[in-house]
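*Asks:* FYI, in the working numbering the residues of the sequence shown are 28 to 392.
Cβ atoms here follow ideal geometry from the backbone N, Cα and C, with glycine treated the same way.
Being a predicted model, the structure only gives us computed values, none of them experimental.
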Amino acid sequence: MIEVKNLVKRYGDHVAVKNLSFTVEEGQIYGFLGPNGAGKSTTMNIITGYLASTEGEVLINGHNILEEPEEAKKCIGYLPELPPVYTDMTVLEYLKFVAELKKIPKDQRKKQILEVMNLVKITDMQNRLIKNLSKGYRQRVGLAQAVLGYPPIIILDEPTVGLDPKQIIEIRDLIKSLGKKHTVILSSHILSEVSAVCDYVMIIAKGQLVASDTPENLSKLMLGSNTVTCTVHGTRKQLVPALNALDAKEIQYENTPNEEQIKVKITTEKDKDIREELFYALAKANCPILELTSSSMSLEDVFLELTDDSGKAARKLKKAEKEQLKQKECEPEADKTAVGETSEEKSTDAAESAAETKQEEGDAQ
Numbered sequence: 028m029i030e031v032k033n034l035v036k037r038y039g040d041h042v043a044v045k046n047l048s049f050t051v052e053e054g055q056i057y058g059f060l061g062p063n064g065a066g067k068s069t070t071m072n073i074i075t076g077y078l079a080s081t082e083g084e085v086l087i088n089g090h091n092i093l094e095e096p097e098e099a100k101k102c103i104g105y106l107p108e109l110p111p112v113y114t115d116m117t118v119l120e121y122l123k124f125v126a127e128l129k130k131i132p133k134d135q136r137k138k139q140i141l142e143v144m145n146l147v148k149i150t151d152m153q154n155r156l157i158k159n160l161s162k163g164y165r166q167r168v169g170l171a172q173a174v175l176g177y178p179p180i181i182i183l184d185e186p187t188v189g190l191d192p193k194q195i196i197e198i199r200d201l202i203k204s205l206g207k208k209h210t211v212i213l214s215s216h217i218l219s220e221v222s223a224v225c226d227y228v229m230i231i232a233k234g235q236l237v238a239s240d241t242p243e244n245l246s247k248l249m250l251g252s253n254t255v256t257c258t259v260h261g262t263r264k265q266l267v268p269a270l271n272a273l274d275a276k277e278i279q280y281e282n283t284p285n286e287e288q289i290k291v292k293i294t295t296e297k298d299k300d301i302r303e304e305l306f307y308a309l310a311k312a313n314c315p316i317l318e319l320t321s322s323s324m325s326l327e328d329v330f331l332e333l334t335d336d337s338g339k340a341a342r343k344l345k346k347a348e349k350e351q352l353k354q355k356e357c358e359p360e361a362d363k364t365a366v367g368e369t370s371e372e373k374s375t376d377a378a379e380s381a382a383e384t385k386q387e388e389g390d391a392q
């Protein structure tokens, strides 16, 4: 759908985007995150053809944005942070103008405009001047122009900035509904919004992609383990034998004000979900679970760690992703012997591992 390959954008001596590469697949809602000055808006402007890159290329449905701009831009609906509306036009006049610009066939224009106005709920405002609309309604008009023509890709830059809580919820629901028929890229500083709406998250820092995964998997990789905390009705004498049989890295017990209840914290490997096994073990010991929570990092915690200036968390994530990839590619011993691993691959892995260890030692100092 979208391929970004080795993208570089320089402004004089300043490098805004540095060797950025990623792929956007069809039918997903992507969250594009980054602190101010990370190169986020620059990247979006290059993808949409507003800016030319210094190096690298962007392919939209196989069309190069610089070499075939018209074909590439036909695939994109774009809502910048400030909606590109003409305030002296009525809503209907503006959408007719946009439909003409997008070269929508004349016999389809009226139908599409009505459908899009219904979709973003601005039908009642169609004869009002845009300058007399509230910020929320102007944002909806901007969304309507992005969706008009039904492009397969919709790019939204900070679509809920300045909206009230009710309007934010409505726009979120609208973005979710758009995700059923379009590929959506959503840029936002509101992390809870990205976490609630997006299937996939890309985090950019200093012009480089530092993470690209689902919010859930990013949380697991950053934690490095799974932790379950539960409050149980029972005595330590009952609990210890039952929990020692579990496949856990660490078990911690904590007394509560109620003498008949104990709080237990169980840590396992990051890929292991112990909750079902824990339930049956405690049921067998006649110790009912009163409360059970699974610890995880919020998207905000992940974002703050990965965009930290030291880059330590980003290296930790990269290492965790490599380990996860190796586990997925792990084959039976017989297959491993047949396929083997070249000495060149081994030496490369060893070199990378040594470099990471050296960097970690530097961080510790």
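In three-state terms, what does DSSP make of residue 367?
*Replies:* Bear in mind that the predicted position of residue 367 carries a pLDDT of just 44, short of 50, making it unreliable; the figure below should be weighed with that in mind. In the structure shown, residue 367 sits in coil (DSSP, three-state: anything other than H, G, I, E or B).
*Asks:* If you measure between the beta carbons of residue 175 and residue 129, is that distance less than 9 angstroms?
*Replies:* Yes. Within cutoff.
*Asks:* For residue 245, I'd like the list of residues in its chain whose CB is within less than 7 angstroms of its CB, leaving aside the five on either flank, ordered along the chain.
*Replies:* So the list reads 228, 238, 329, once near-sequence residues are dropped.
*Asks:* Measuring only the C-alpha atoms, how far is residue 219 from residue 199?
*Replies:* C-alpha separation (whole angstroms): 11 angstroms.
*Asks:* Determine, using beta-carbon pairs with one atom in the stretch 201-214 and one in the stretch 37-49, whether at least three such pairs fall under 8 angstroms.
*Replies:* In short, these stretches do not touch, since the Cβ pair count stays below three.
*Asks:* Compare the C-alpha of residue 181 against each of 33, 206, 242, 286 and name the closest.
*Replies:* When each option's Cα is compared against that of residue 181, the closest is 206.
*Asks:* What is the rounded straight-line gap between the Cα of residue 124 and the Cα of residue 37?
*Replies:* Approximately 35 angstroms between the Cα atoms of the pair.
*Asks:* Give the secondary structure of residue 40 by DSSP, where H, G and I count as helix, E and B as strand, and everything else as coil.
*Replies:* Residue 40 falls in the coil class under three-state DSSP.
*Asks:* Check each candidate in 277, 152, 149, 270 and name the one with the smallest Cα separation from residue 316.
*Replies:* When only C-alpha atoms are compared, the closest one is 270.
*Asks:* Would you list, in sequence order, the uninterrupted beta strand (DSSP E) runs of no fewer than 3 residues that lie entirely inside the stretch 260-304?
*Replies:* Fully enclosed beta strand (DSSP E) runs of 3 or longer: 277-282, 288-296.
*Asks:* Cutting at 7 angstroms between CB atoms, please list the residues of its own chain near residue 33, excluding the five before and the five after it.
*Replies:* Excluding positions up to five away in sequence, the list reads 46, 48, 82, 83.
*Asks:* Classify residue 83 as helix, strand or coil using the three-state DSSP reduction.
*Replies:* If DSSP states are grouped into helix, strand and coil, residue 83 belongs with the strands.
*Asks:* Hey, is the stretch 150-161 in contact with the stretch 114-122, meaning 3+ C-beta pairs nearer than 8 angstroms?
*Replies:* Yes, since at least three Cβ pairs between the stretch 150-161 and the stretch 114-122 fall closer than 8 angstroms, the two stretches touch.
*Asks:* On the DSSP bridge assignment, give the partners of residue 32 in chain order.
*Replies:* Per DSSP, 84.
*Asks:* Check whether the stretch 162-175 touches the stretch 101-109, counting contact only when three or more Cβ pairs, one atom from each stretch, lie closer than 8 angstroms.
*Replies:* Judged by Cβ distances under 8 angstroms, the stretch 162-175 makes contact with the stretch 101-109, as three or more pairs qualify.
*Asks:* Cα separation between residue 185 and residue 217?
*Replies:* Their backbone Cα atoms lie some 9 angstroms apart in a straight line.
*Asks:* Could you compute how far the alpha carbon of residue 66 sits from the alpha carbon of residue 326?
*Replies:* Cα-Cα distance, rounded: 20 angstroms.
*Asks:* With H, G and I counted as helix, E and B as strand and the rest as coil, what does DSSP make of residue 45?
*Replies:* Strand.
*Asks:* Shortest alpha-carbon distance to residue 177 belongs to which of 144, 192, 191, 149?
*Replies:* Comparing Cα positions, the closest option is 144.
*Asks:* I'd like to know whether the C-beta atoms of residue 110 and residue 166 end up nearer to each other than 9 angstroms.
*Replies:* Cβ atoms of residue 110 and residue 166: closer than 9 angstroms.
*Asks:* Between residue 259 and residue 28, what straight-line distance do the alpha-carbon atoms span, to the nearest angstrom?
*Replies:* Taking the straight line joining both Cα atoms gives about 50 angstroms.
*Asks:* Quick check: what's the CA-CA separation for residue 335 versus residue 313?
*Replies:* The straight-line gap from Cα to Cα measures roughly 47 angstroms.
*Asks:* Can you tell me which of the three DSSP states residue 229 falls into?
*Replies:* DSSP places residue 229 in strand when its eight states are reduced to three.
*Asks:* Identify the continuous beta strand (DSSP E) that holds residue 106 and give its terminal residues.
*Replies:* Looking at the DSSP string, the run of the beta strand (DSSP E) that includes residue 106 is 103-106.
*Asks:* Mind listing, in chain order, the continuous alpha helix (DSSP H) runs of no fewer than 4 residues lying wholly within the stretch 87-175?
*Replies:* Counting whole runs of 4 or more residues, the stretch 87-175 contains the alpha helix (DSSP H) stretches 96-100, 118-128, 133-147, 162-174.
*Asks:* On a CA-only basis, which of 268, 256, 183 is nearest residue 319? Give me that one, please.
*Replies:* Nearest of 268, 256, 183 to residue 319, Cα basis: 256.
*Asks:* What residues are listed by DSSP as bridge partners for residue 59?
*Replies:* Looking at the DSSP assignment, residue 59 forms a beta bridge with 214, 229.
*Asks:* Between residue 93 and residue 85, what straight-line distance do the alpha-carbon atoms span, to the nearest angstrom?
*Replies:* Going by the C-alpha atoms only, they are around 8 angstroms apart.
*Asks:* Assign residue 221 to one of three DSSP states: helix, strand, or coil.
*Replies:* If DSSP states are grouped into helix, strand and coil, residue 221 belongs with the helices.
*Asks:* Taking C-beta to C-beta, are residue 50 and residue 59 nearer than 9 angstroms?
*Replies:* In this structure, residue 59 does not lie closer than 9 angstroms to residue 50 by Cβ.
*Asks:* Could you give the distance in angstroms between the alpha-carbon of residue 187 and the alpha-carbon of residue 169?
*Replies:* Cα-Cα distance, rounded: 12 angstroms.
*Asks:* Tell me the DSSP secondary structure of residue 253 in three-state form.
*Replies:* The answer is strand: DSSP assigns residue 253 an E or B state.
*Asks:* Cβ atoms of residue 232 and residue 62: under 9 angstroms apart, would you say?
*Replies:* Yes. Within cutoff.
*Asks:* Using DSSP's beta-bridge definition, name the partner residues of residue 181.
*Replies:* Note: residue 181 sits in a beta bridge opposite 104, 211.
*Asks:* Would residue 290 and residue 304 be called neighbours here (beta carbons separated by less than 9 angstroms)?
*Replies:* No; because the gap between Cβ atoms is not below 9 angstroms, this pair is not in contact.
*Asks:* State the DSSP-derived secondary structure class of residue 333, mapped to helix, strand or coil.
*Replies:* Reduced to three states, the DSSP call for residue 333 is helix.
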